[in-house]
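**Student:**
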Amino acid sequence: LTGLTMLHISSNDLSGPIIPELGSLTNLWSLDLSSNDLSGLIPLELGRLSSAKLLLLDLYNNNLSGPIPPELARLSGLVGLYLHNNSLSGPIPPELSRMGRLGALDLSFNGLSGPIPPELVNLTRLTTLDLSNNDLSGPIPPEFGRLLRIETLNLTGTDTSCKTLDLSRMINITNLGLPCSPPPSFAHNNLTYVALSVRSNISTRHLDLSSVPDSCKIVNLTGPHPDLESIRFWRACDEGCVVSVAGTGARLSRSTRRKVCLGRISVFLSGDIPVPLYDTSGDFLGVLSNAQGNYALADPDFVDLIDLGRDGRAYTGVGFSRVQAGNLCGNPEAKAVTALVFGAFAVLSVVATITIVVVARWRRRVRGGGLESAVGGRLGFRRVGLYMWGAALGVLPVVDVVTDFLVLSEVWGAWPMWVVLASVCAPFVWASFAVAKAWSSTGNPVGGWKELRVRWLWPLPALANEPPRTTDWWSVRAVVVAILLLPMGLLGVLVQDLLSVAEKFGLHLATGDRILVFERYHESRVMVELLLESLPQAVFQTGLYVIGSSRATRIYIDQRIFVQSIVVSLCSLSVHYCTMLWEAVYEGRSLVRVFLDRFGSAGQPSVVTLTTEPSADAEVEGLSQKLGNLTFLTSLSLSYNELSDPIPPELSRLTNLAVLHLSSNNLSGFIPAGLGRLPKLRSLDLSSNDLFGPIPTELGSLTRLEYLELYDNGLTGLIPPELGRLTTLRSLQLFDNGLSGPIPPELGRLTGLTLLSLGSNNISGRIPPEIGSLSALKWLRLSSNGLFGPIPAEVGSLSNLSSLDLSGNGLSGPIPPELGNMTALTYMLLFSNELSGPIPPELGRLTRLTFLLLSRNGNGLSGPIPAELGLLTGLTDLSLSFNRLSGPIPPELGRLTGLTSLYLN
């Protein structure tokens with residue numbers, strides 16, 4: 001058919017290669033074979049078609065492979081060359097630059113590689129150039145800046161760089177796709193649509209779009225970008241713009257979300273994403289379209305109109321917060337989160353009320369009336385608890401005010417100042433007036449306070465309470481003076497607030513035997529803050545969060561700042577409610593009375609005079625010297641105090657001693673070797689001190705010893721093999737020290753041992769197989785050391801073991817299948833080692849196991865996941881991540897219905 005001028009057989013199911021005989025149709029001016037299933041190479045013979053007559057060559061949407069024939073460059077009259085959506089490979093032939101009349105060149109979605117030929121700049125009539133989604137690399141030729149007629153340039157999905165790209169002369173470009181952030185050189189172009197695909201092998205946290213021209217309304221980011229957090233928008237976004245990050249995995253930072261939600265910007269995350277509409281000549285119509293409708297970018301309210309469908313998710317700055325379903329700026333989760341927070345608060349309040357009433361009545365019946373008797377206890381746990389409770393009472397109101405300011409900072413400048421500052425300033429104004437009033441009503445508020453100093457004292461005994469001498473509180477003179485002193489009163493409030501918080505930690509202003517106490521001032525101050533600030537702020541913040549963010553509200557409150565602020569407010573309210581309730585029930589008073597009493601002595605501290613008592617340090621020093629005389633003593637327990645200095649060597653004279661507990665103090669120095677001469681000692685607990693040096697070998701002489709607790713110190717050196725002589729030992733805990741060297745195999749003689757904890761030291765060497773002789777052992781912890789070598793198969797003989805922790809070492813080799821014999825095991829922690837080989841299916845016999853952690857090793861565990869693990873129906877945590885496991889995930893794991901954590905990543 002040599003006279004044929006047009007051959008269009010596109011959109012069929014043609015297959016096989018393109019026949020070379022088509023090169024004989026020398027009169028063709030249009031050849032369209034697109035959208036078929038043609039394969040093989042592009043025939044070289046197509047280059048013999050008439051160079052003057054052939055205008056269009058369409059071979060796109062096939063399975064063509066191999067290189068682009070340079071012979072196609074002979075078609076010098078070609079206007080459009082479309083080879084996209086094939087499997088072409090190799091470089092782009094620079095000979096294509098000889099097609100001087102070419103207006104459209106589309107080679108996208110192939111496997112082309114190598115650099116972009118700079119010779120393409122000779123295609124001066126080019127209006128469309130699409131090289132996207134290839135394996136092209138190297139810099140984009142700077143010569144591209146001379147393609148003055150270019151309207152569409154798409155290089156997304158390539159590994160090219162934009163360092164030398166200059167688009168300042170491309171005044172006709174309207175659609176741009178780049179593998180990088182937009183360069184500043186095209187800020188004055190006429191772009192209306194930009195597609196970006198920053199290379200996925202580069203971690204992109206910030207996307208700078210500030211150089212996008214004002215004519216552009218939409219930027220589409222493609223490819224995976226899970227690290228993307230912030231976006232710098234361009235000037236046109238003041239009037240409305242769209243940025244699509246759908247499918248990128250981006251997680252926008254709070255500052256970016258705030259910018260979006262309070263502006264005329266929409267950032268698409270998922271759903272029915274609108275696409276640009278083009279006319280028949282390829283020009284962008286300025287309209288976005290999806291199944292829900294069309295959206296003209298010229299409409300100033302187009303951002304409010306965009307609908308992404310039922311499953312759509314976006315951050316969109318709309319005129320009013322509930323315009324769009326799926327708009328995350330409207331906080332769609334707000335109702336559920338608010339209900340959860342306030343529901344939990346209500347439940348905890350009821351539980352706390354019942355608990356306090358029951359316990360306070362019991363304490364009152366046992367101890368008698370008076371709150372002081374509850375504070376005067378000397379038990380370590382109780383003292384620590386009361387100290388922490390007092391500290392919380394001092395700190396929580398401060399944290400509450402700080403979080404409220406964080407919320408108000410979002411409103412600052414957007415709402416009237418009386419709304420912003422009313423609830424925050426009211427407590428300070430009242431407190432300033434109360435302080436100034438107290439000054440004006442006190443005869444001499446600072447008289448007699450010479451040689452003022454800071455003193456630590458806790459708990460504070462309620463002795464000789466001396467209220468300051470005052471004149472008439474409500475006299476006209478006092479009120480007038482208080483108003484005049486109001487600015488100074490504000491300074492006084494700040495100082496007394498600081499002193500009242502320090503007081504909760506035991507720091508007081510004192511002179512001689514008198515100290516200032518700000519307890520009642522602090523109580524009244526907190527009550528006013530709760531009534532005038534915390535409660536109104538809680539209502540205000542909840543309302544803002546439920547309403548959501550928009551241009552109408554001009555605020556941005558998200559889940560993080562709401563939960564952070566409201567939880568602190570509710571915690572502060574709960575703590576002070578519980579304190580008042582305890583005082584009311586314990587002292588037999590009404591809750592209303594206790595609440596009103598909080599406002600007594602609102603602006604002034606009280607004075608407490610202390611009686612002179614012997615120095616606590618002197619008492620301890622004398623006691624330590626005399627303890628050696630108590631030769632009939634059988635039990636000495638001084639744990640949970642603040643004892644310091646070395647352990648007195650005189651204790652070695654207490655030969656009848658069976659129990660010696662000195663844990664949780666500040667004792668320092670060496671462990672006295674003389675303790676090894678206490679023949680009746682059964683329990684020795686020196687844990688949680690500052691002891692250092694080696695473990696005395698003399699302790700191996702304590703043949704009746706059952707409990708040896710030396711953990712949480714600074715002990716160094718070897719573990720003495722002599723400890724293997726303590727055949728009655730049931731518990732040996734040496735963890736959290738700096739012990740080194742190997743584990744003595746002599747410890748295998750301790751057949752009555754139930755707990756062996758040597759973790760978090762610098763122990764090295766192999767695990768001795770003698771460990772398998774500890775038949776009574778229930779807890780074995782050797783974690784976080786430098787152990788290496790295989791796990792001994794003898795460990796599988798520990799049939800009573802319930803917890804095995806060998807994590808954080810350098811153990812290697814396979815997991816012994818004998819471990820499947822430890823049927824009492826509930827915890828198996830072998831992670832962070834260098835284990836290899838398959839996971840033994842015998843582990844499926846450990847039916848009591850709840851934790852099985854084999855992850856995060858330089859582990860080379862390999863092979864399939866044993867289906868037998870599905871028999872461990874008691875498992876709650878299973879972690880096999882960061883190994884070299886392969887094959888399918890066994891469906892038997894579906895039987896683990898109690899599982900709460902599963903890691904196979």
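Numbering (full-length UniProt numbering), first residue to last: 1 to 905.
Where is the CB? At the ideal position from N, CA and C, for every residue including glycine.
Model, not experiment: these values are computed from the prediction.
Run through the DSSP bridge pairs and tell me what residue 194 is partnered with.
**Tutor:** Stepping through the sequence shown from its first residue, residue 194 is reached at position 194. Answer by DSSP bridge pairing, in chain order: 176 and 219.
**Student:** Please confirm if the region 300–319 is in contact with the region 498–509, defined as three or more CB-CB distances below 8 Å between the two stretches.
**Tutor:** In short, these stretches do not touch, since the Cβ pair count stays below three.
**Student:** To the nearest angstrom, how far is the alpha carbon of residue 215 from that of residue 263?
**Tutor:** Locating residue 215 in the sequence shown gives position 215, where the first residue counts as 1. Locating residue 263 in the sequence shown gives position 263, where the first residue counts as 1. Their Cα atoms are separated by approximately 18 Å.
**Student:** Does any C-beta atom of chain D lie closer than 7 Å to the C-beta of residue 820?
**Tutor:** The structure shown contains no chain D; it is built from a single protein chain.
**Student:** Quick check: residue 675 and residue 636, are their CB atoms within less than 7 Å of each other?
**Tutor:** Numbered from 1 along the sequence shown, position 675 holds the residue referred to as residue 675. Numbered from 1 along the sequence shown, position 636 holds the residue referred to as residue 636. For residue 675 and residue 636, no; Cβs fall outside 7 Å.
**Student:** So if DSSP puts residue 231 in a beta bridge, which residue, or which two residues, is it bridged to?
**Tutor:** Along the sequence shown, read from residue 1 onward, the residue named residue 231 stands at position 231. In DSSP, residue 231 forms a bridge with 207.
**Student:** Taking a contact to mean a Cβ-Cβ separation below 7 Å, would you say residue 908 touches residue 98 in this structure?
**Tutor:** This structure leaves residue 908 out entirely; the chain is present only between 1 and 905.
**Student:** Counting only runs that start and end within the region 831–863, where is the beta strand (DSSP E) found for 3 or more residues in a row?
**Tutor:** DSSP runs (the beta strand (DSSP E)) wholly in the region 831–863: 834–837, 851–853 and 860–863.
**Student:** CA-CA distance, residue 150 and residue 49?
**Tutor:** By one-based count along the sequence shown, residue 150 stands at place 150. By one-based count along the sequence shown, residue 49 stands at place 49. Taking the straight line from one Cα to the other gives about 27 Å.
**Student:** To the nearest angstrom, how far is it from the Cα of residue 787 to the Cα of residue 809?
**Tutor:** Translated into positions along the sequence shown, residue 787 becomes position 787. Translated into positions along the sequence shown, residue 809 becomes position 809. Rounded to whole angstroms, residue 787 to residue 809 spans 5 Å at the Cα level.
**Student:** Taking a contact to mean a Cβ-Cβ separation below 7 Å, would you say residue 250 touches residue 285 in this structure?
**Tutor:** Translated into positions along the sequence shown, residue 250 becomes position 250. Translated into positions along the sequence shown, residue 285 becomes position 285. No, these two residues do not count as a Cβ contact at 7 Å.
**Student:** Report the residue from 139, 140, 145 and 57 whose alpha carbon sits nearest the alpha carbon of residue 105.
**Tutor:** Numbered from 1 along the sequence shown, position 105 holds the residue referred to as residue 105. With distances taken between Cα atoms, residue 105 lies closest to 57.
**Student:** Run through DSSP, which three-state label would residue 537 get?
**Tutor:** Mapped onto the sequence shown, residue 537 falls at position 537. Looking at residue 537 - three-state DSSP - the assignment turns out to be helix.
**Student:** Count the other CB atoms within 10 Å of the CB of residue 559; is the residue buried (16 or more) or exposed (fewer)?
**Tutor:** Here residue 559 refers to the residue found at position 559 when the sequence shown is read from its first residue. The residue in question, residue 559, is exposed, as its Cβ has fewer than 16 Cβ neighbours within 10 Å.
**Student:** Between which two residues does the beta strand (DSSP E) containing residue 241 stretch?
**Tutor:** What you label residue 241 is simply residue 241 of the sequence shown in a count that begins at 1. That run of the beta strand (DSSP E) goes 241–244.
**Student:** Nearest to residue 740 by CA position, among 726, 750 and 715, is which residue?
**Tutor:** Taking the first residue of the sequence shown as position 1, residue 740 is located at position 740. For residue 740, the nearest C-alpha among the options comes from 715.
**Student:** Based on Cα-Cα distance, which residue from 694, 753 and 272 lies nearest to residue 707?
**Tutor:** Within the sequence shown, the letter at position 707 stands for residue 707. Of the candidates 694, 753 and 272, the one whose C-alpha sits nearest the C-alpha of residue 707 is 753.
**Student:** Mind checking residue 361: buried by the 16 CB within 10 Å criterion, or exposed?
**Tutor:** Stepping through the sequence shown from its first residue, residue 361 is reached at position 361. It is exposed - the Cβ of residue 361 has fewer than 16 other Cβ atoms within 10 Å.
**Student:** Please go through the same chain and pick out, in chain order, the residues whose beta-carbon is closer than 7 Å to the beta-carbon of residue 326, but skip the five residues on each side of it.
**Tutor:** Locating residue 326 in the sequence shown gives position 326, where the first residue counts as 1. Excluding residues within five positions, the ones whose Cβ falls inside 7 Å are 271, 308, 312, 313 and 314.
**Student:** Please confirm whether residue 902 and residue 872 have their CB atoms less than 7 Å apart.
**Tutor:** Sequence index remark: in the sequence shown, residue 902 carries index 902 (1-based). Sequence index remark: in the sequence shown, residue 872 carries index 872 (1-based). No; because the gap between Cβ atoms is not below 7 Å, this pair is not in contact.
**Student:** Taking 7 Å as the cut-off, decide whether the C-beta atoms of residue 142 and residue 164 are in contact.
**Tutor:** For this step, residue 142 is matched to residue 142 along the sequence shown. For this step, residue 164 is matched to residue 164 along the sequence shown. Contact: yes.
**Student:** Can you tell me whether DSSP reads residue 369 as helix, strand or coil?
**Tutor:** Numbered from 1 along the sequence shown, position 369 holds the residue referred to as residue 369. Because the pLDDT at residue 369 is just 37, under 50, the model does not fix this residue reliably, and the point stays unresolved.
**Student:** In three-state DSSP terms, what is residue 436?
**Tutor:** Here the question's residue 436 lines up with position 436 in the sequence shown. Looking at residue 436 - three-state DSSP - the assignment turns out to be helix.
**Student:** Secondary structure at residue 84, three-state DSSP: helix, strand or coil?
**Tutor:** By 1-based counting over the sequence shown, the position of residue 84 is 84. The answer is coil: DSSP assigns residue 84 none of H, G, I, E or B.
**Student:** Hey, how far is the Cα of residue 617 from the Cα of residue 456?
**Tutor:** Locating residue 617 in the sequence shown gives position 617, where the first residue counts as 1. Locating residue 456 in the sequence shown gives position 456, where the first residue counts as 1. Its pLDDT being 49, under 50, residue 617 is placed unreliably by the model, and the measurement read from it follows with that caveat. In a straight line, the C-alpha of residue 617 is about 14 Å away from that of residue 456.
**Student:** Mark residue 274 as exposed unless 16 or more other C-beta atoms lie within 10 angstroms of its C-beta, in which case mark it buried.
**Tutor:** The residue given as residue 274 occupies position 274 in the sequence shown. With 16 or more other Cβ atoms within 10 Å, it is buried.
**Student:** Could you tell me which of 757, 532, 848 and 18 sits nearest to residue 735, measuring between CA atoms?
**Tutor:** By 1-based counting over the sequence shown, the position of residue 735 is 735. It is 757 whose Cα lies nearest to the Cα of residue 735.
**Student:** I need the DSSP call for residue 290, collapsed to helix, strand or coil.
**Tutor:** Numbered from its first residue, the sequence shown carries residue 290 at position 290. If DSSP states are grouped into helix, strand and coil, residue 290 belongs with the strands.
**Student:** Measure the alpha-carbon distance for residue 523 versus residue 568 and round it to whole angstroms.
**Tutor:** Indexing the sequence shown from 1 puts residue 523 at position 523. Indexing the sequence shown from 1 puts residue 568 at position 568. Taking the straight line joining both Cα atoms gives about 18 Å.
**Student:** From the DSSP output, read off the bridge partner residues of residue 454.
**Tutor:** Residue mapping note: residue 454 aligns to position 454 of the sequence shown, counting from 1. 509.
**Student:** When the Cα atoms are used, what is the spatial distance from residue 543 to residue 532?
**Tutor:** Start at 1 with the first residue of the sequence shown, and residue 543 comes out as number 543. Start at 1 with the first residue of the sequence shown, and residue 532 comes out as number 532. If I take the Cα positions, the gap works out to 17 Å.
**Student:** Expressed to the nearest angstrom, what Euclidean distance is found between the alpha-carbon atoms of residue 557 and residue 318?
**Tutor:** Walking along the sequence shown from the start, residue 557 turns up at place 557. Walking along the sequence shown from the start, residue 318 turns up at place 318. So the two alpha carbons sit approximately 15 Å from each other.
**Student:** Restricting to Cα atoms, I'd like to know which of 59, 633, 90 and 217 is closest to residue 681.
**Tutor:** Translated into positions along the sequence shown, residue 681 becomes position 681. For residue 681, the nearest C-alpha among the options comes from 633.
**Student:** So what does DSSP say about residue 122, is it helix, strand or coil?
**Tutor:** Working through the sequence shown from its first residue, we reach residue 122 at position 122. DSSP places residue 122 in helix when its eight states are reduced to three.
**Student:** Going by DSSP, what residue range makes up the beta strand (DSSP E) through residue 276?
**Tutor:** As a position in the sequence shown, residue 276 is number 276, starting the count at 1. It spans 275–278 - the beta strand (DSSP E) in which residue 276 sits, taken as one unbroken run.
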